[in-house]
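Asker: Quick one: the structure is below, questions incoming.
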Amino acid sequence: MQKRNARPAREIVVPGDLLDDSGMDAGNNAYVLNGKVYAGVLGVRNAHNDTVGVIPLGGRYMPVTGDTVIGIIEDIGPSNWLVNINAPYPAPLHVNEVPWKVEFGDTSKYLNVGNVVMLKVLMVDESKKIQVTMKDSGLRRIEGGQLVEMPHSKVSRVIGKSGSMIQMIKNLTDCRMFVGQNGRIWIDGDENAEIAVEAVRIIEREAQSSNLTERVENFIKSRLPEKEENKGEGY
Amino acid sequence: MSEHVVSEIKRDHIMKLLKDGRREDGRGVDDIRKISIDAGCVESADGSARVKLGRTEVIAGVKIMPGTPFPDTPNSGVLTMGAELIPMAHSTFESGPPGEDAIELARVVDRGIRESGMVDVKQLCIKEGEEVWMCFVDMYALDYDGNLFDAANIAAVSALRSAVIPAEQYGRGENKPLPVTCTPVSVTSVKIGNDLILDPNFDEEMISSARLTVTTDDEGNFRAMQKGGRGSITRDELSLCLDRAVEKGKAIREIIG
Amino acid sequence: MSGQTDMVLVDKKGMRIDGRKADEHRPVHIEAGVLSNADGSAYLEIGKNKVLAAVYGPRECHPRHLQDPTKAIIQCKYNMQAFSVSDRKRPGPDRRSVEISKIIAEALEKVVLTELYPRASIDVYIEILQANAGTRCAGLTAASVALADAGIPMRDIVPAVAAGKADGHVLLDLNKEEDNFGQADVPLAIVPSTDEIVLLQMDGNMTREEFDKAIDLAFGACHEIYEKQKTALKERYAVTKEDEEDE
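Residue numbers (this note's numbering), protein chains in the order written: chain G, 287 to 521; chain E, 2 to 258; chain X, 52 to 298.
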């Protein structure tokens, strides 16, 4: 086995682990004690230039202004809906933040408990009060298809470098996909939808490993119906 | 800790798959999930078992001690069962004394075991009218992904089968295995739309309208049943549930050993 | 702590009834991420103690009146299962478990960065499956692994262990017999990076000298258990790490 020569590219750290004692700055999820930098969460050590921090491996989704998320309507009030976005706090969606003109008390005519919506995080204030909106291009209620849930920390792998992973999956499977920063992924398509769901599950399982795009691409190609491949080999 | 809301997309997807006889985890409508049993896992108990049914997990422990018999059954031991849906197992479970769901769960498991005569209570008499063995079975849901009824049944039955009467500890002679006569097994079906499926997971259970738990004995005779949920089932559906309970009960009985 | 006894718990060679030396803790086994629903979880065995810990949150705080607008609160429920002890324990909380829940929550508050989640609750559930003295320390040790496993931001991981006195000797990590027939018990939990004490109780009878010795033993053992906690968390991701090396 030549394994011992291969140095793991990612170093797993736990809270309290020493990240640096040579004078680097503390980045995300790190703190300084007596001039040394320590990890503040379970994750992967992440050093860049003079800063060292931790990329979390799990944990609850914390909304950030501008994030697009997929929410599930959990409760209805006369002038707002309460939306579960997988965060520690419920996100109220006010009637002024939907693309329809809603009369007071008419909320349930537009969105009901269990409905699924694509939203944007409008703002998160200091006390972590969240406001979301449905008034932006592309935001809407979604129906049909499937909703896949995964740790929000793995969402970036589903998207890939400048969207390369998700584009590849969409192109090969001909599915519609929407990735919420909160770890919910919506997939809709014909028979290939199952392949896209499985591809996303592979990304979730193997989020830690490299060459993921290539492997997922090979997986999808191996699962696509015969005729698709024949088309490609026509000449 | 609020009521769990199943998204419309998830509900529609489960129902769409069911139209083709398929389920989200790849099972067929009458497939049960993988069962693993760790019997005797708690040494402080007189019998115990930790059971996984898919991702649902239940632990059961048996405690046996001398006590006074009931006046109407002076030469029979006493069997008592309790269940707790502790908040460790699911975000919708709250701490506090057992609620109606936990009490129903304990009573349905109790009924199958009691009515099948699994524990030979006549052999638990120490001195008629004065002293008998009291047998407590305590069950805790540790991880809840649907169908606690069958998981708890397997855990309680496995714990009882591994139980030893701690006679030496109480100066009542030699330790001996708890006398058990058979292996009652429950099989739970739920109804989603017009489909009946076995061993529902959490999402399937949440969108189901009715539930039927059927407990059979070694001969395939029926020993306990419980219909739950606000929906209804037809005579034909009942018949299907009973057939499946006998067939799958046999398979589960073999896994229990 | 019955105090007076002629029971021999430490032999002439200084060996204890379970074969340990005075400064040895029982074998520890920790596994992280053992439950599927909880945000974080851990299973721990120390000697004959078997403990499960689960963490949910940060999530909306119920009941609402407990919300703190400046930080998350940690709510802990320590529970002994009915069959975990030799005489069946009646289900439900008693005064002992309420007290233990409180001091464990307070110990964890010191390391969790609660100020990141105002108004929220971080819920810690500890179930004792099998008890053999030292369950509060075992529960706290497991709970801090479960918190880290849940991805909750924290300064450090808290290990806990008890030291005490039995048969006239200062002993580390008392087992059930030593606890029942011994003279003193001192559960201790620390923040390893700073050696701050976050949980300390004492009952029994000890001189200053004996107490100092007990604390020394417990501090040393806490640092050893801390390494096991970290290993358990890292092992959870070891498989994916190997996949990576394979490429």
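Glycine is no exception: its CB is placed at the ideal position from the N, C-alpha and C atoms.
Spatial neighbours of residue 321/G within its chain, please: C-beta separation below 6 Å, excluding the five flanking residues on both sides.
Answerer: So no residue of the chain qualifies.
Asker: Using a Cβ-Cβ cut-off of 7 Å, state whether residue 345/G counts as contacting chain X.
Answerer: Judged by the 7 Å Cβ criterion, residue 345/G is in contact with chain X.
Asker: For residue 146/E, report the span of its beta strand (DSSP E) as first-last.
Answerer: It is not in any beta strand (DSSP E) - residue 146/E carries neither H nor E in the DSSP assignment.
Asker: Among the candidates 4/E, 254/E, 243/E and 104/E, whose CA atom is the shortest distance from the CA of residue 31/E?
Answerer: Of the candidates 4/E, 254/E, 243/E and 104/E, the one whose C-alpha sits nearest the C-alpha of residue 31/E is 243/E.
Asker: What are the partner residues of residue 195/E, as DSSP defines its beta bridges?
Answerer: DSSP output for residue 195/E lists no bridge partner at all.
Asker: Starting from residue 216/X, trace the beta strand (DSSP E) in both directions and tell me its first and last residue.
Answerer: It spans 211–217 - the beta strand (DSSP E) in which residue 216/X sits, taken as one unbroken run.
Asker: Of all the residues that make up the segment 124–152 of chain E, which are near chain X by a beta-carbon distance shorter than 7 Å?
Answerer: Listed in sequence order: 137, 139, 141, 143, 144, 145 and 146.
Asker: Compare the C-beta of residue 9/E against all C-beta atoms of chain G and say whether one is closer than 7 Å.
Answerer: Cβ-Cβ to chain G under 7 Å: yes for residue 9/E.
Asker: Might you give, ordered along the chain, the residues of its own chain that have their beta carbon closer than 6 Å to the beta carbon of residue 125/X, omitting 5 neighbours on each side?
Answerer: Counting only Cβ-Cβ distances below 6 Å, and skipping sequence neighbours, we find 156, 159, 160 and 173.
Asker: Can you give me, in chain order, the residues of the segment 300–323 of chain G that have a beta carbon less than 8 Å from any beta carbon in chain X?
Answerer: Cβ contacts with chain X: 300, 301, 302, 303, 315, 317 and 319.
Asker: Here's the rule I'm using: 16 or more other beta-carbon atoms within 10 Å means buried, otherwise exposed. How should residue 386/G be labelled?
Answerer: It counts as exposed.
Asker: Nearest to residue 191/E by alpha carbon, out of 148/E, 225/E, 121/E and 171/E?
Answerer: If we check each option's Cα against that of residue 191/E, 148/E comes out closest.
Asker: I'd like to confirm something about residue 325/G: is its beta-carbon nearer than 6 Å to some heavy atom of the ligand FMN, or not?
Answerer: In the structure on display, the ligand FMN does not appear, and there are no ligands present to speak of.
Asker: Measuring only the C-alpha atoms, how far is residue 497/G from residue 455/G?
Answerer: Cα-Cα distance, rounded: 15 Å.
Asker: If distances are taken between C-alpha atoms only, which option among 511/G, 494/G and 326/G comes closest to residue 164/X?
Answerer: Comparing Cα-Cα distances from residue 164/X to each of 511/G, 494/G and 326/G, the minimum goes to 326/G.
Asker: Note down, in chain order, every chain G residue with its Cβ under 7 Å from the Cβ of residue 160/X.
Answerer: By Cβ distance, chain G contributes nothing, its closest Cβ being about 14 Å from residue 160/X, past 7 Å.
Asker: Out of 269/X, 280/X and 105/X, point me to the one whose CA is closest to residue 303/X's CA.
Answerer: Missing from the structure shown is residue 303/X; chain X here goes from 52 to 298 and no further.
Asker: Under a CB-based cut-off of 7 Å, is residue 24/E close to chain X?
Answerer: So, not an interface residue.
Asker: Quick check on the burial criterion: 16 or more other C-beta atoms within 10 angstroms. Buried or exposed for residue 293/X?
Answerer: In this prediction, residue 293/X scores a pLDDT of 45, lower than 50, which makes its location untrustworthy; the coordinate-derived value is nonetheless stated afterwards. Burial call: exposed.
Asker: Between residue 460/G and residue 430/G, is the Cβ-Cβ spacing less than 7 Å?
Answerer: It is not a contact, given that the beta carbons lie outside the stated cut-off.
Asker: List, in order along the chain, the chain E residues whose C-beta lies closer than 7 Å to that of residue 401/G?
Answerer: 9, listed in chain order.
Asker: My output table needs one value for residue 295/X: the three-state DSSP class, helix, strand or coil.
Answerer: Note that residue 295/X scores a pLDDT of 44, beneath 50, so its modelled location is shaky; the value from the coordinates is reported in the next line. Helix, per DSSP.
Asker: When the Cα of residue 17/E is compared with those of 476/G, 481/G, 368/G and 423/G, which residue comes out closest?
Answerer: Among 476/G, 481/G, 368/G and 423/G, the Cα nearest to that of residue 17/E is on 476/G.
Asker: Is it the case that the segment 133–150 of chain X contacts the segment 349–361 of chain G, given that we only count it when at least three CB pairs across the two stretches are under 8 Å?
Answerer: Segments in contact, no.
Asker: Identify whether residue 150/X lies in helix, strand or coil by the three-state DSSP scheme.
Answerer: In this structure, residue 150/X counts as helix in the three-state DSSP scheme.
Asker: Helix, strand or coil: how does DSSP classify residue 449/G here?
Answerer: Note: residue 449/G maps to helix in three-state DSSP.
Asker: Rounded to a whole number of angstroms, what is the C-alpha to C-alpha distance between residue 132/E and residue 67/E?
Answerer: For residue 132/E and residue 67/E, the distance between alpha carbons rounds to 6 Å.
Asker: Is any beta-carbon of chain G found at less than 7 Å from that of residue 284/X?
Answerer: Closer than 7 Å: yes.
Asker: For the putative contact between residue 372/G and residue 509/G, defined by C-beta atoms under 8 Å, what is the C-beta separation to the nearest angstrom?
Answerer: Actually they do not touch by this definition, with Cβ atoms about 29 Å apart.
Asker: According to DSSP, is residue 69/X part of a helix, a strand, or is it coil?
Answerer: Looking at residue 69/X - three-state DSSP - the assignment turns out to be coil, as it is neither helix nor strand.
Asker: Curious, which full-length beta strand (DSSP E) runs of at least 3 residues does the segment 326–365 of chain G contain?
Answerer: Runs found: 329–334, 337–342 and 354–362.
Asker: For residue 207/X, does the count of other Cβ atoms within 10 angstroms reach 16, so buried, or fall short, so exposed?
Answerer: By the 10 Å Cβ count, residue 207/X comes out buried.
Asker: Can you say whether residue 69/E is buried or exposed, counting buried as having 16 or more other CB atoms within 10 angstroms of its CB?
Answerer: It counts as exposed.
Asker: Mapping DSSP to helix, strand and coil, what is residue 518/G?
Answerer: For residue 518/G, the predicted model reports a pLDDT of 46, less than 50, meaning its position is unreliable; a value from the coordinates is still stated below. Here residue 518/G sits in helix by DSSP.
Asker: When you compare the CB of residue 146/X with every CB in chain G, is at least one pair closer than 7 Å?
Answerer: With 7 Å as the cut-off, residue 146/X does not count as an interface residue toward chain G.
Asker: Nearest-angstrom Cα distance between residue 291/G and residue 332/G?
Answerer: For residue 291/G, the predicted model reports a pLDDT of 43, less than 50, meaning its position is unreliable and no value from the coordinates is stated.
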